[in-house]
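Numbering (my numbering), first residue to last: 2 to 115.
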């Protein structure tokens, strides 16, 4: 399950950088839950060819992430925003001004990462 989530995230960010054939087959495996055998029959290629193409696409997408870090930055920002939401709820309950300082630090972190 974790691998599918990772593949989906990488594809969401970098999928447009694959060629049309790669995108079509990768989407069939990751999003349409088709087996390599089904795709091979449909595309008129070998099952091994489908397997190799998926492996190559995974590597391409991971290489983009290693260079650009867009998925990591997105995930970090989402976590920071969730932390801000938690701090706001805490502030509403306590009116502790120190929480405002924590919110400010977190927003500064987000802005510095952009």
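Here a beta-carbon is modelled for each residue, glycine too, at the ideal position from N, C-alpha and C. Only a predicted model underlies this, so the values are computations on that prediction, with no experimental measurement involved.
- Rounded to whole angstroms, residue 77 and residue 114 show a C-alpha spacing of 9 Å.
- Across the structure, residue 32 and residue 69 are spaced so that their CA atoms are roughly 24 Å apart.
- At the C-beta level, residue 14 and residue 54 stay beyond 8 Å of one another.
- Residue 40 sits buried, since 16 or more C-beta atoms from the chains shown fall within 10 Å of its C-beta.
- Per the C-alpha coordinates, the member of 50, 49, 44 and 75 positioned closest to residue 111 is 75.
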